[in-house]
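Undergrad: Numbering that gives the first Met the number 0 applies: residue 0 is where the sequence shown begins, and numbers increase by one.
Quick reminder that beta carbons are idealized off the backbone N, C-alpha and C, glycines included.
None of these values were measured; they are calculated from a predicted model.
I have a structure I would like to understand better, so I am pasting it below and will then ask my questions one at a time.
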Amino acid sequence: MALKSLDDLFHDTLRDVFYAEKKLVRTLPKLAKKASDEELSRAFTNHLAETQKQVARLEQVFEMIGKPARAKKCEAMDGLVEEGDGVIEDADDDAVLDAGLLAAAQAVEHYEIARYGTLIEWGKLLGLPKAVKLLEATLGEEKAADGLLSNIASRINLLAKSQGQDAAA
Ligand SMILES: [Fe+2]
Numbered sequence: 000m001a002l003k004s005l006d007d008l009f010h011d012t013l014r015d016v017f018y019a020e021k022k023l024v025r026t027l028p029k030l031a032k033k034a035s036d037e038e039l040s041r042a043f044t045n046h047l048a049e050t051q052k053q054v055a056r057l058e059q060v061f062e063m064i065g066k067p068a069r070a071k072k073c074e075a076m077d078g079l080v081e082e083g084d085g086v087i088e089d090a091d092d093d094a095v096l097d098a099g100l101l102a103a104a105q106a107v108e109h110y111e112i113a114r115y116g117t118l119i120e121w122g123k124l125l126g127l128p129k130a131v132k133l134l135e136a137t138l139g140e141e142k143a144a145d146g147l148l149s150n151i152a153s154r155i156n157l158l159a160k161s162q163g164q165d166a167a168a
């Protein structure tokens, strides 16, 4: 689609993040299953419920701008998920797997945080206060999810580090 205005960019980016969220809905159950740490697995499961709500919020935003809720392939999200799959395939130790999954999941959260931050700023400029409110609710959840993953990582990373030392010994 030709991008001729900030409205067009807003719509295009909305479609991008819609794709990303829907992809995450399909990916999180797999991450929850593969994570060996229970707290990490629970964090993935909890974020699945949240992500489903975020998809619904995006559908509301599409409605607010009078557009059909249609996703647009997001290469960035596909790439991030692919990298996570690579960790699952290659990890040879539970803690190393979990540390790698945490890193992949945080990269996804940071991507989403960047996207929502942009949409919020554009939404403000475009006079879409109701959409901005919904997007801000999601951004808050993404930041909280990222913070929770950081907390879990501070424990798991140490486990992964001592595993490497055992292997070297
Ligand atoms: Fe999300």
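1) Any heavy atom of ligand 1 within a distance shorter than 7 Å of the CB on GLN59?
2) Identify the continuous alpha helix (DSSP H) that holds LEU124 and give its terminal residues.
3) Straight-line CA distance for HIS10 to ARG69?
4) For GLU140, count the other beta carbons within 10 Å of its own beta carbon; 16 or more makes it buried, fewer makes it exposed. Which is it?
5) Between which two residues does the alpha helix (DSSP H) holding MET0 run?
6) Going by the C-beta, is LEU134 closer than 7 Å to any heavy atom of ligand 1?
7) Are ALA104 and LEU158 touching if we call contact CB-CB under 8 Å?
8) Leaving aside the five residues before and after ALA152 along the sequence, list all residues of the same chain whose C-beta is less than 6 Å from its C-beta, in chain order.
9) Decide yes or no for the touch test of the segment 36-50 against the segment 69-78: beta carbon pairs closer than 8 Å, at least 3 of them.
10) Would you report the Cα separation of HIS110 and GLN164, rounded to the nearest angstrom?
11) Closer than 8 Å by C-beta to ASP145: which residues in its own chain qualify, once you throw out the five before and the five after it? Chain order, please.
12) Any heavy atom of ligand 1 closer than 7 Å to the CB of LEU23?
TA: Reading off the structure:
1) The residue labelled residue 59 in the question sits at position 60 within the sequence shown. No; taking the cut-off as 7 Å, the Cβ of GLN59 has no heavy atom of ligand 1 nearer than that.
2) Translated into the one-based positions of the sequence shown, residue 124 becomes position 125. Where LEU124 is concerned, the enclosing alpha helix (DSSP H) stretches over 93-124.
3) The count along the sequence shown starts at 1 and reaches residue 10 at position 11. The count along the sequence shown starts at 1 and reaches residue 69 at position 70. So the two alpha carbons sit approximately 10 Å from each other.
4) In the sequence shown, counting from the first residue as 1, residue 140 sits at position 141. Buried: at least 16 other Cβ atoms inside 10 Å.
5) What you label residue 0 is simply residue 1 of the sequence shown in a count that begins at 1. Neither: MET0 is in no alpha helix (DSSP H) and is coded neither H nor E.
6) Against the sequence shown, residue 134 aligns to sequence position 135. Relative to ligand 1, LEU134 has its C-beta separated by 7 Å or more from all heavy atoms.
7) Translated into the one-based positions of the sequence shown, residue 104 becomes position 105. Translated into the one-based positions of the sequence shown, residue 158 becomes position 159. No, Cβ-Cβ distance for ALA104 and LEU158 is not below 8 Å.
8) The count along the sequence shown starts at 1 and reaches residue 152 at position 153. The answer, listed in chain order, is LEU101.
9) no
10) In the sequence shown, residue 110 corresponds to position 111, counting from 1. In the sequence shown, residue 164 corresponds to position 165, counting from 1. Rather than His, the amino acid found at residue 110 in this sequence is Tyr. Each residue's Cα considered, the two are about 32 Å apart.
11) By 1-based counting over the sequence shown, the position of residue 145 is 146. GLN105, GLU108, HIS109 and ILE112, listed in sequence order.
12) By one-based count along the sequence shown, residue 23 stands at place 24. Flag set: Cβ of LEU23 near ligand 1.
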